[in-house]
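S.K.: Numbering of the sequence shown is given in the numbering used here, commencing with residue 619 and proceeding in unit increments.
One structure, pasted below without further comment.
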Amino acid sequence: MTYKNRQHQELEMELSHLPGDYLKPLIACFDLLARCNIGFFHGNSSYFKKYWRYSYIISCVVAYYSSLTVYALKIFLGQMELFELAYVVPVFVVCTQAILKAIIVIIHKGEIRALVLQLGETWRTDNLTTRQLNKKNLLLKKLNFCYGVFRIVYSYLGTEFLLISLCSHLSTEFCLLREDLLNVKPVGNGRFGILPDSSNIELHDIVVKHQKLIKFSEQLNEIFNKMIFVNLSSVTITVCFFAFATKVLSTTWSYFSLASSLFENEN
């Protein structure tokens, strides 16, 4: 059983006595936090099993955040182009926000766990009037609808990561093929082959592989070029919307300033 499945099983066991309509939105939250090894319900697990993974998680986070900080400092020191700041600052801010949120949640894990259990034990499921029941169901439907938006996020991120992964794999194959071409040497009888310390591939195999990769690139372009068009169109619409909003606000502020001036002159 994987760590994720075991953690999910422990979560269901500890919360099995709580009402299902109360747990449904909370399970989604705990599942997302569990993906970054932040768990609140560990059953009878030992202290070592609960926290040993933080040893390498914290090390990786510190290393990544330190490298990101050094990269940002190089920009401010003039060692890199200033326009690269636009790429670094959003990532830096999001990473800082995520780390601070994780620290706050980890520090207060006990309080959060106690609050979830105590609120669940006081959750009302019976002795409700029809009006109360309808209002409760309406509020829960709104909350569950918000978590249903996760599927849209999964679709948005999943398609983007799929394109990134396929492009990266194709780029890797082209890089390896380039290294094969750099190692091509005559092997006699008018033939060409790879150096002995490399893989035993002939020039003909390299040409065939190159043609296949070109075909894969064309297939990738045919599949995802429409998605690139959608991305560019969405960005264009968003920029136009904000430009329109800025224009409207600017005009409204001008009218407001004019009205204010007239009001002051009348007084």
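Think of the CB as a built atom: it goes at the ideal place given N, C-alpha and C, for glycine as much as any other residue.
Quick caveat, the model's predicted, so the values are computed rather than measured.
By the DSSP assignment, the alpha helix (DSSP H) with Ile-675 in it spans what residues?
M.R.: Note, Ile-675: alpha helix (DSSP H), 672-694.
S.K.: Between the Cα of Ala-652 and the Cα atoms of Gly-638, Leu-695 and Tyr-669, which residue gives the shortest distance?
M.R.: Selected option, being the one with the closest Cα: Tyr-669.
S.K.: DSSP state of Val-734, grouped into three classes?
M.R.: Of the three classes helix, strand and coil, the one that applies to Val-734 here is helix, per DSSP.
S.K.: Tell me where the alpha helix (DSSP H) around Ile-656 begins and ends.
M.R.: Ile-656 -> no alpha helix (DSSP H), and no H or E assigned at all.
S.K.: Starting from the Cα of Leu-633, find the closest Cα among Glu-791, Gly-766 and Val-734 and give me that residue.
M.R.: Out of Glu-791, Gly-766 and Val-734, Val-734 has the C-alpha closest to the C-alpha of Leu-633.
S.K.: For Thr-777, report the span of its alpha helix (DSSP H) as first-last.
M.R.: Start and end: 768-800.
S.K.: To the nearest angstrom, how far is it from the Cα of Leu-636 to the Cα of Tyr-672?
M.R.: Their backbone Cα atoms lie some 29 Å apart in a straight line.
S.K.: Measure the C-alpha to C-alpha separation of Ile-841 and Lys-833 and round it to an integer number of angstroms.
M.R.: Approximately 12 Å, taken between the alpha carbons.
S.K.: Suppose you measure from the CA of Ile-722 to the CA of Asp-823; what does that come to, to the nearest Å?
M.R.: Approximately 56 Å, taken between the alpha carbons.
S.K.: So what's Glu-699 in DSSP terms, helix, strand or just coil?
M.R.: Of the three classes helix, strand and coil, the one that applies to Glu-699 here is coil, per DSSP.
S.K.: In whole angstroms, what separates the C-alpha of Gly-776 from that of Glu-699?
M.R.: Roughly 32 Å separates the two Cα atoms.
S.K.: Exposed or buried, what is Gly-766 when buried is set at 16 or more other beta-carbons lying within 10 Å of its beta-carbon?
M.R.: Answer is exposed; the Cβ neighbour count stays below 16.
S.K.: For Pro-814, count the other beta carbons within 10 Å of its own beta carbon; 16 or more makes it buried, fewer makes it exposed. Which is it?
M.R.: Residue placement at Pro-814 is flagged as unreliable, the pLDDT there being 49, under the threshold of 50; the coordinate-derived value follows with that caveat. So Pro-814 counts as exposed.
S.K.: Could you tell me whether the Cβ atoms of Cys-713 and Tyr-683 are closer together than 9 Å?
M.R.: In contact: Cys-713 and Tyr-683 (Cβ atoms closer than 9 Å).
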